[in-house]
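Number of protein chains: 2
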Amino acid sequence: MKKKIIIIGGGFGGLNAAKELDDVDADILLIDKANHHLFQPLLYQVASAALSPADIASPIRAILRKQKNITVLMGEVIDIDINSKKVFTEDSEYRYDYLILAPGSRHSYFDNDGWEKYAPGLKTINDAITIRQRILLSFEIAEKLHQKSEQEKYLTFVIVGGGPTGVEMAGAIAEITNKILLKDFRNIDYSMTKIILVESLERILTMYDSELSETARKDLEKMGVNVLLNTRVTNIDEKGVYIDGVLMETPNIIWAAGNTIPKITKTLKIETDKAGRIPVEKDCSVKEHPEVFVIGDAASLNHEGKPLPGVAPVAIQQGKFVGRTISDELKGKKREEFHYFDKGNLATIGRAKAIMQIGKIKASGIIAWIAWIFVHIMYLIGFRNRYKVMSEWIWYYFTYRHGMRLITFLKK
Amino acid sequence: MKKKIIIIGGGFGGLNAAKELDDVDADILLIDKANHHLFQPLLYQVASAALSPADIASPIRAILRKQKNITVLMGEVIDIDINSKKVFTEDSEYRYDYLILAPGSRHSYFDNDGWEKYAPGLKTINDAITIRQRILLSFEIAEKLHQKSEQEKYLTFVIVGGGPTGVEMAGAIAEITNKILLKDFRNIDYSMTKIILVESLERILTMYDSELSETARKDLEKMGVNVLLNTRVTNIDEKGVYIDGVLMETPNIIWAAGNTIPKITKTLKIETDKAGRIPVEKDCSVKEHPEVFVIGDAASLNHEGKPLPGVAPVAIQQGKFVGRTISDELKGKKREEFHYFDKGNLATIGRAKAIMQIGKIKASGIIAWIAWIFVHIMYLIGFRNRYKVMSEWIWYYFTYRHGMRLITFLKK
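From first to last, the protein sequence lines stand for chains A and B. Counting from 1, position 155 in the first sequence corresponds to residue 187 in our numbering; the numbering is continuous, with no gaps. Counting from 1, position 264 in the second sequence corresponds to residue 296 in our numbering; the numbering is continuous, with no gaps.
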């Protein structure tokens, strides 16, 4: 009888595992809550109206259309029984011989879940559309108000968290605000917009050397972003955000400060690390359960003494590794250990502004920016998306105009 | 003191009036509920996952960016006082010397407003996304079901109304279903999908000669659409749609059967025609109020003995005419009468299938289809949208793949 392989999650990890299992004679089932794979590194560009959702997302079924050994299901896994080797969705149960758990991560509000309502994070297309609409709507409201004091709060944008998402989002808001939106509004004073990036540590982008962090900070400041270091958000409510206890009134708060793991991992009943991640063995499997793999953001695996970061390259490499491991094992080969190949880090701040660190090579400015473009286009799935995103970027580079500025009124 | 001109609505009528007033020394205020102008004739392609919302919509501010005499407000007009010449939004009032009312139309459920929940119409981007998600989600659900009898209702699509929107939507669903979706699902049987177009009259597309109606009907049937003529929808509820009293179980019902006028026109307290439209004089102004114009779908004006239809060319020509009328009047010129120049009708049924009637010239098939493409690209606003839509169509023509198949979970 054919072996049954279940993959939970169609993100970078799950999708790469699925593709690696291409030639395996097994029944593979991929389950995801969404019907699409999302290229999360560019999600902030959807939130800032530079790209359309469909530019960075593709239906998982379409991506795996030619792979005959796989079935894709849109659904939510609500329980996993690791002993009887079963996965439960709301309406069905599925037995597995191998399980690949690649559920990604969600935002953590550090036990302040009430903040989410006012300060959405940026993980899904829906998040991005919510943020986009909030930003655009704030400008529309400000344009209608007659008193500067009333306008002020709508023209204030606070981004919490100075990691890559926070930095990219702050830079993107600065660009859309200064270069684009202000030209279209007659009643808004350029000098009134305030963009604030709040970071609790002493520098932003801590995965980079401190001089690159400093370059990024200076770039942001030049673009009009006020970067607050060693600063904490103490509360968020319907009035706005409290920065070191002081209220900053605004409806525009974006959360990019912490991650946690989806609830489904808890059903494994395995003790997690501090960040809620599942510790895995050197082959990415769970202790005493060699048939269960956890990969990507949800896995905790040390590499050169430090836990691997929750970034796309880790998930991609782990996905491929686990797919290959299962494929080999079914052919009778012995398992190997996962080795992460660190290709370096890249973050963009704005037009022709980025930073790059590959081992000891550091760069910033236009060179890093071109590298960033090249890498992101290369990793986008599908020729069609590559072509579309590239043409949007070229259009924007020459016109300074973002086309995706639609407020479509999500129903509440 | 400068004259004040208020335009309500940024659709084809309002936008063209605004542009025509380009060189007038007046304060123009354009108010729209949305922040974008929408190219409604292609909305069905957003609903059927062929185009992205941003391909056919542009922010009104961006379109009018260079026109310095105009202010754009996103807001809802809740009252008009035609005697004191004032327009009221939720938070402000605005005085006018000239008012151009171009609010478009909404769906009419013929006093069955409860049907809207189950059978959305297709007027806004939100409508299109709702319909798109319902269709895609139905396939996802059907894929998970194990009994054919359970799958059946999710694979049934009922379109109510055989006008251009209904026909285009039925054709588009047939294409996405047969050519695209079915290849991506492993558990769905091609022969089970049912697409039904319900028309109460004896033929579809009644604005065309009967032989073209018949060509369109045959094309639809060839594509797998079941066209029911002389047939009425008697009820719609949570179970499905009742066709001549018989229940057809399905969650996929699209309403394209009737139009009515937005409530705001009622505040004018003018007696309307049977369809709820405001009768206007030959110069598109309201009787006894030469300073108030009503244009587009909301206006009732006879042309060669018949009321002008609620289509884009009428709204565009009336918008331009009214803009010019005001502009001329401010220069002391006398008013003229509006003359509609009928450029003919075009409707598309599917790939390389369309019908066309321009005066006595009739055509169908690929010639009409190419004309349809040409006209729609030409009237799209902005080079950017033209370029994007054209490239999507070319992509689709060669690959048969729609890229916009995203279920993004609108919050309820």
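Don't be surprised by glycine CBs; every beta carbon is placed ideally from N, CA and C. For clarity, every value in this text was computed on a predicted model and none was experimentally measured.
Problem - Beta-carbon proximity of A/GLU281 to A/GLY290, cut-off 8 Å - result: no
Handout entry: Residues of its chain near B/ASP241, where Cβ-Cβ distance is below 8 Å and the 5 sequence neighbours each way are ignored
Key = GLN389 and LYS394
Problem - Expected contact under 8 Å - CB spacing of A/ILE286 and A/ILE157 to nearest Å - result: So it is not a contact: roughly 15 Å between Cβ atoms.
Exercise for the section: Flag this pair as touching only if the region 181 to 199 of chain A and the region 67 to 80 of chain B have three or more C-beta atom pairs under 8 Å; answer yes or no. Expected result: no
Exercise for the section: Determine, using beta carbons only, whether A/GLU125 comes closer than 8 Å to chain B. Expected result: no
Exercise for the section: For chain A, find out if any of its Cβ atoms is closer than 8 Å to the Cβ of B/LYS51; answer yes or no. Expected result: no
Practice task
Quick one: give me the first and last residue of the alpha helix (DSSP H) that A/ASN48 is part of.
Solution key: 44 to 52
Practice task
Check A/GLY146 in the structure and name its three-state DSSP category.
Solution key: helix
Practice task
Express the C-alpha separation of B/LEU214 and A/SER116 in angstroms, rounding to a whole number.
Solution key: 34 Å
Practice task
List the endpoints of the continuous beta strand (DSSP E) containing B/HIS69.
Solution key: 68 to 70
Practice task
From the DSSP output, in three-state form, read off B/VAL257 for me.
Solution key: strand
Problem - Rounded straight-line distance, which links the Cα of A/PHE406 to that of A/SER5 - result: Residue 5 of chain A is absent from the structure shown; chain A starts at 33 and stops at 444.
Exercise for the section: Output the residue ranges of the alpha helix (DSSP H) runs that lie fully inside the region 139 to 209 of chain A and measure 4 residues or longer, sorted by chain position. Expected result: 157 to 176, 180 to 186 and 196 to 207
Handout entry: C-beta contact flag for A/ILE37 and A/ILE63 at 8 Å
Key = no
Exercise for the section: Go through the region 349 to 428 of chain A residue by residue and report every complete run of the alpha helix (DSSP H) that reaches 4 residues or more, in order. Expected result: 398 to 411
Handout entry: the region 223 to 256 of chain B: positions lying closer than 8 Å to chain A by Cβ
Key = none
Exercise for the section: Using a Cβ cut-off of 8 Å (strictly closer), state whether B/GLY31 contacts chain A. Expected result: This structure leaves residue 31 of chain B out entirely; chain B is present only between 33 and 444.
Handout entry: Beta bridge counterpart(s) of B/PRO311 as assigned by DSSP
Key = B/SER332
Exercise for the section: Would you mind sorting B/GLN349 into buried or exposed? The rule is 16 or more other CB atoms within 10 Å of its CB. Expected result: buried
Handout entry: Reduced DSSP secondary structure (H/G/I, E/B, other) of B/PHE217
Key = coil
Exercise for the section: Confirm, please, whether the CB-CB distance from A/ILE413 to A/SER84 is below 8 Å. Expected result: no
Handout entry: Local conformation of B/VAL104 per DSSP, three classes
Key = strand
Handout entry: Extent of the continuous alpha helix (DSSP H) to which B/TYR274 belongs
Key = Element bounds for B/TYR274: not the alpha helix (DSSP H) but the beta strand (DSSP E), 272 to 275.
Handout entry: Contacts around B/MET122, its chain only, beta-carbon distance under 8 Å, and the 5 residues preceding and following it disregarded
Key = It is worth fixing the name first, because residue 122 of chain B is Glu in this sequence and not Met. Once the five neighbours on either side are set aside, the close Cβ partners of B/GLU122 are GLY107, GLU108 and ILE110.
Exercise for the section: Find the residues of chain B that neighbour A/ASP54, judging by a C-beta separation of less than 9 Å, and give them in chain order. Expected result: By Cβ distance, chain B contributes nothing, its closest Cβ being about 16 Å from A/ASP54, past 9 Å.
Practice task
Inspect the CB distances between the region 230 to 240 of chain B and the region 248 to 260 of chain B and report whether three or more fall short of 8 Å.
Solution key: yes
Exercise for the section: Select from the region 100 to 114 of chain A all residues with a C-beta closer than 7 Å to any C-beta belonging to chain B, and list them in chain order. Expected result: THR103, LEU105, MET106 and GLY107
Problem - Euclidean distance between Cα positions of A/VAL354 and B/THR440 - result: 29 Å
Problem - Any C-beta of chain B under 8 Å from that of A/ASP216 - result: yes
Problem - Residue nearest to A/GLU361 in terms of C-alpha spacing, selected from A/ILE398, A/ASN377, A/ALA379 and A/PRO322 - result: A/PRO322
Exercise for the section: Express the C-alpha separation of A/GLU231 and B/ILE268 in angstroms, rounding to a whole number. Expected result: 54 Å
Handout entry: Through-space distance from A/LYS319 to A/TYR126, alpha-carbon basis
Key = 22 Å
Problem - Terminal residues of the beta strand (DSSP E) in which A/ARG93 lies - result: Element bounds for A/ARG93: not the beta strand (DSSP E) but the alpha helix (DSSP H), 92 to 95.
Practice task
Could you tell me whether the Cβ of A/TRP287 comes closer than 8 Å to any Cβ of chain B?
Solution key: no
Practice task
Please report how far the alpha carbon of B/GLU175 lies from the alpha carbon of B/ILE220, in whole angstroms.
Solution key: 6 Å
Exercise for the section: Say whether chain B places a C-beta atom closer than 8 Å to the C-beta of A/ASN158. Expected result: yes
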